[in-house]
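Q:
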Amino acid sequence: MVLVFAEASNGKFKKAAFEAVTYGAKTAAALGTECHALTLGEADAAGELGRYGAQKVYHLNAPELATFDSAVYTAAIAGAAQAIGAKVIVLMHNSTGKNLVGRLAARLEAGSAPGVNALPKVEGGKFTVRKAVFSGKAFAEVEILTDYKIISLAGNSIPVEESGAAVAVESLNVALPAPKTKVLETKRAEGITPLPEAELVVSGGRGLKGPENWGVITDLADALGATTACSRPVADVHWRPHHEHVGQTGVAIRPNLYIAAGISGAIQHLAGVNSSKTIVVINKDPEAPFFKAADYGVVGDLFEVLPRLTEAIKKHKG
Ligand code: FAD
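Mapping of the sequence shown onto the UniProt record's numbering: position 20 corresponds to residue 20, and the numbering continues sequentially without gaps.
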């Protein structure tokens with residue numbers, strides 16, 4: 001049996017949860033078994049996970065699960081897997097999933113592979129997954145040798161597929177420990193999708209010349225509904241806040257669209273953005289290394305190109 005922990009945020013599922021269930025369903029089919037999904041805490045319309053291939057959906061709610069505590073969530077997921085006899089556990093590779101992979105592996109004495117990005121190979125009793133290593137510059141094939149197998153799925157690795165219908169949600173009883181931490185308050189920046197979850201990102205580098213010029217980036221981001229990002233030197237000199245810095249030493253992102261303006265494309269920058277689905281590069285230097293990684297490139301002055309792009313998008317959106 002495959003168990004997918006489908007995390008809801010403020011009760012709502014995001015695309016990554018549907019990807020994880022799609023992945024779990026395909027993995028279960030390859031193993032000749034069933035895929036079940038688990039939701040914890042507040043989760044609206046959990047039965048809808050059946051559409052993506054979960055044959056059963058379990059919902060576990062308790063005061064201990066109201067805010068994230070890794071010890072409690074580990075106990076809940078491990079307990080659920082043991083209760084239903086699931087041997088493969090699929091998590092989303094977000095901050096929660098990254099936190100839980102190691103803990104679940106320790107709890108269940110399991111082999112784990114965080115950040116897998118392709119469906120497993122299931123051949124001759126072997127279970128092999130692929131994951132990115134060296135900041136996305138190489139892939140490793142990892143065979144998980146233990147009975148329990150814990151994996152987390154990197155976002156945008158597989159397309160969401162509908163293969164079933166909504167199912168009734170079943171409740172599950174698992175003994176939970178008392179939380180060891182208590183989240184007192186969570187404040188989210190108004191209206192902006194945080195970089196790790198953003199589908200659309202507009203990013204600027206040293207080519208912007210100074211913070212006073214950032215309007216061309218934010219105007220385009222506003223027109224698209226995108227999140228803004230920047231290269232490291234830009235954050236280092238405080239043109240932009242550090243949480244916007246993407247790359248090897250910053251946030252690693254996998255949006256559907258990454259627009260980079262005035263960024264040269266150093267390997268340390270590419271390490272954090274080269275898993276984006278579509279990369280658009282705007283640079284006045286035709287030799288800029290970023291063009292090699294780009295799906296679309298515009299050789300031109302960003303101060304001319306970006307406002308025209310913003311206008312065109314506004315016109316298109318009406
Ligand atoms: P530059 O390299 O100066 O490039 C500016 C670009 O703007 C140029 O290509 C230029 O042609 C173009 N340009 C200038 N004017 C215009 C214009 N008017 N219109 C269009 N284009 C224009 N960097 C990161 O980003 N993220 C990281 O996580 C990171 N980690 C690092 C870790 C280590 C250990 C080290 C050593 C470095 C790291 N770096 C990182 C730094 C990285 O090596 C580069 O120095 C940095 O990415 C360059 O930033 P940039 O592209 O904004 O600036």
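Yeah, the Cβ is synthetic: ideal placement off N, Cα and C, and Gly gets one too.
1. Taking the CB atoms as reference points, tell me whether Leu3 and Ala86 lie closer together than 8 Å.
2. Can you tell me whether DSSP reads Arg130 as helix, strand or coil?
3. For Val174, collect the residues of the same chain with a Cβ closer than 8 Å to its Cβ; drop the 5 residues on either side in sequence, then sort them by chain order.
4. As a quick exercise: from Phe18, Phe5, Lys315, Val183, pick the residue whose alpha carbon is nearest that of Gly97.
5. Tell me, please, which residues DSSP counts as bridged to Phe139.
6. Buried or exposed for His93, please, with buried defined as at least 16 other CB atoms from any protein chain shown within 10 angstroms of its CB.
7. For Gly164, I'd like the list of residues in its chain whose CB is within less than 8 Å of its CB, leaving aside the five on either flank, ordered along the chain.
8. Could you tell me the alpha carbon to alpha carbon distance between residue 322 and Pro286, rounded to whole angstroms?
9. If I'm right that Val167 touches Ile144 with Cβ under 8 Å, what's the distance once you round it to whole angstroms?
10. Mind listing, in chain order, the residues whose beta carbon lies closer than 5 Å to a non-hydrogen atom of the ligand FAD?
11. Can you give me the C-alpha to C-alpha distance between Leu270 and Phe290, rounded to a whole angstrom?
12. Taking the alpha carbon of Pro179 as the point to measure from, which residue in Lys15, Glu64, His36, Ala20 has its own alpha carbon closest?
13. Which runs of the alpha helix (DSSP H) fall wholly inside the stretch 252 to 308 and span at least 4 residues, in chain order?
14. Which same chain residues end up closer than 6 Å to Ser112 when comparing Cβ atoms and leaving out the 5 residues on each side of it in sequence?
15. Between the stretch 199 to 208 and the stretch 224 to 239, do three or more beta carbon pairs fall short of 8 Å?
16. Under a three-way DSSP split, which group does Phe18 fall into?
17. Report all residues from its chain with a CB closer than 7 Å to the CB of Asn117; omit the five preceding and five following residues, and keep chain order.
18. Is Thr27 closer than 8 Å to Val88 when the C-beta atoms are compared?
19. Give, in chain order, every unbroken run of the alpha helix (DSSP H) that is at least 4 residues long and sits entirely within the stretch 38 to 99.
20. Please name the residue, chosen from Pro159, Leu172, Glu212, that lies closest to Gly41 on a Cα-to-Cα basis.
21. Using three-state DSSP, classify Glu109 as helix, strand or coil.
22. Give me, in chain order, the residues of the same chain whose beta-carbon lies closer than 8 Å to that of Asp219; leave out the 5 immediate sequence neighbours on both sides.
23. Would a C-beta distance cut-off of 8 Å place Val281 and Gly297 closer than the cut-off?
24. Round the Cβ separation of Phe68 and Val183 to the nearest angstrom and send it over; I've been treating them as touching at under 8 Å.
25. Note down the Cα distance separating Ser152 from Glu304, rounded to an integer number of angstroms.
26. Do the CB positions of Val57 and Thr33 come within less than 8 Å of each other?
27. Should Glu123 be labelled buried (16 or more other beta-carbon atoms within 10 Å of its own) or exposed?
28. Rounded to a whole number of angstroms, what is the C-alpha to C-alpha distance between Leu302 and Gly115?
A: Quick look at the numbers:
1. Working through the sequence shown from its first residue, we reach residue 3 at position 3. Working through the sequence shown from its first residue, we reach residue 86 at position 86. Closer than 8 Å, so yes.
2. Reading the sequence shown from its first residue, position 130 is the one you call residue 130. Arg130 falls in the strand class under three-state DSSP.
3. By 1-based counting over the sequence shown, the position of residue 174 is 174. Counting only Cβ-Cβ distances below 8 Å, and skipping sequence neighbours, we find Leu60, Ala75, Ala76, Gly79, Ala80, Ala83.
4. Here the question's residue 97 lines up with position 97 in the sequence shown. It is Phe5 whose Cα lies nearest to the Cα of Gly97.
5. Working through the sequence shown from its first residue, we reach residue 139 at position 139. Bridge partners of Phe139: Ala132.
6. Reading the sequence shown from its first residue, position 93 is the one you call residue 93. Buried: at least 16 other Cβ atoms inside 10 Å.
7. As a working note, residue 164 is residue 164 in the sequence shown. Here the set comprises Ala25, Gly50, Arg51, Tyr52, Gly53, Ala54, Gln55.
8. Since the displayed the chain opens at 1 and closes at 318, residue 322 lies outside it and no answer follows.
9. For the purposes of this step, residue 167 is taken as residue 167 along the sequence shown, with counting starting at 1. For the purposes of this step, residue 144 is taken as residue 144 along the sequence shown, with counting starting at 1. Going by Cβ atoms, the distance from Val167 to Ile144 rounds to 28 Å, so no, they are not a contact pair.
10. Gly205, Arg206, Gly207, Ser231, Arg232, Pro233, Gly247, Gln248, Thr249, Gly250, Gly262, Ile263, Ser264, Ala266, Gln268, His269, Asn283, Lys284, Asp285, Ala288, Asp301, Leu302
11. Position 270 of the sequence shown holds residue 270. Position 290 of the sequence shown holds residue 290. Spanning the two alpha carbons is a distance of roughly 8 Å.
12. Mapped onto the sequence shown, residue 179 falls at position 179. That would be Glu64, whose Cα lies nearest to the Cα of Pro179.
13. 267 to 273, 290 to 293
14. Position 112 of the sequence shown, counted from the first residue, corresponds to residue 112. Cβ within range, chain order: Val101, Ala105, Ile150.
15. yes
16. Here residue 18 refers to the residue found at position 18 of the sequence shown. Note: Phe18 maps to helix in three-state DSSP.
17. Within the sequence shown, the letter at position 117 stands for residue 117. Only Arg130, Lys131, Ala132, Ala154, Ser157 meet the Cβ criterion.
18. Here residue 88 refers to the residue found at position 88 when the sequence shown is read from its first residue. Here residue 27 refers to the residue found at position 27 when the sequence shown is read from its first residue. Yes. Within cutoff.
19. 70 to 84
20. On the sequence shown, residue 41 is found 41 positions in, with the first residue counted as 1. When each option's Cα is compared against that of Gly41, the closest is Leu172.
21. Against the sequence shown, residue 109 aligns to sequence position 109. Looking at Glu109 - three-state DSSP - the assignment turns out to be coil, as it is neither helix nor strand.
22. The residue you call residue 219 lines up with position 219 of the sequence shown. Answer for Asp219: Leu306, Pro307, Thr310, listed in chain order.
23. Here the question's residue 281 lines up with position 281 in the sequence shown. Here the question's residue 297 lines up with position 297 in the sequence shown. Contact flag set, yes.
24. Taking the sequence shown and counting its residues from 1, one reaches residue 68 at position 68. Taking the sequence shown and counting its residues from 1, one reaches residue 183 at position 183. Yes, Phe68 and Val183 are in contact; Cβ-Cβ is about 7 Å, under 8 Å.
25. As a working mapping, residue 152 is identified with position 152 in the sequence shown. As a working mapping, residue 304 is identified with position 304 in the sequence shown. Cα to Cα, the separation comes out at about 42 Å.
26. Against the sequence shown, residue 57 aligns to sequence position 57. Against the sequence shown, residue 33 aligns to sequence position 33. Their beta carbons are not under 8 Å apart, which means Val57 does not touch Thr33 by this criterion.
27. Locating residue 123 in the sequence shown gives position 123, where the first residue counts as 1. Answer is exposed; the Cβ neighbour count stays below 16.
28. Start at 1 with the first residue of the sequence shown, and residue 302 comes out as number 302. Start at 1 with the first residue of the sequence shown, and residue 115 comes out as number 115. Cα to Cα, Leu302 sits roughly 34 Å from Gly115.
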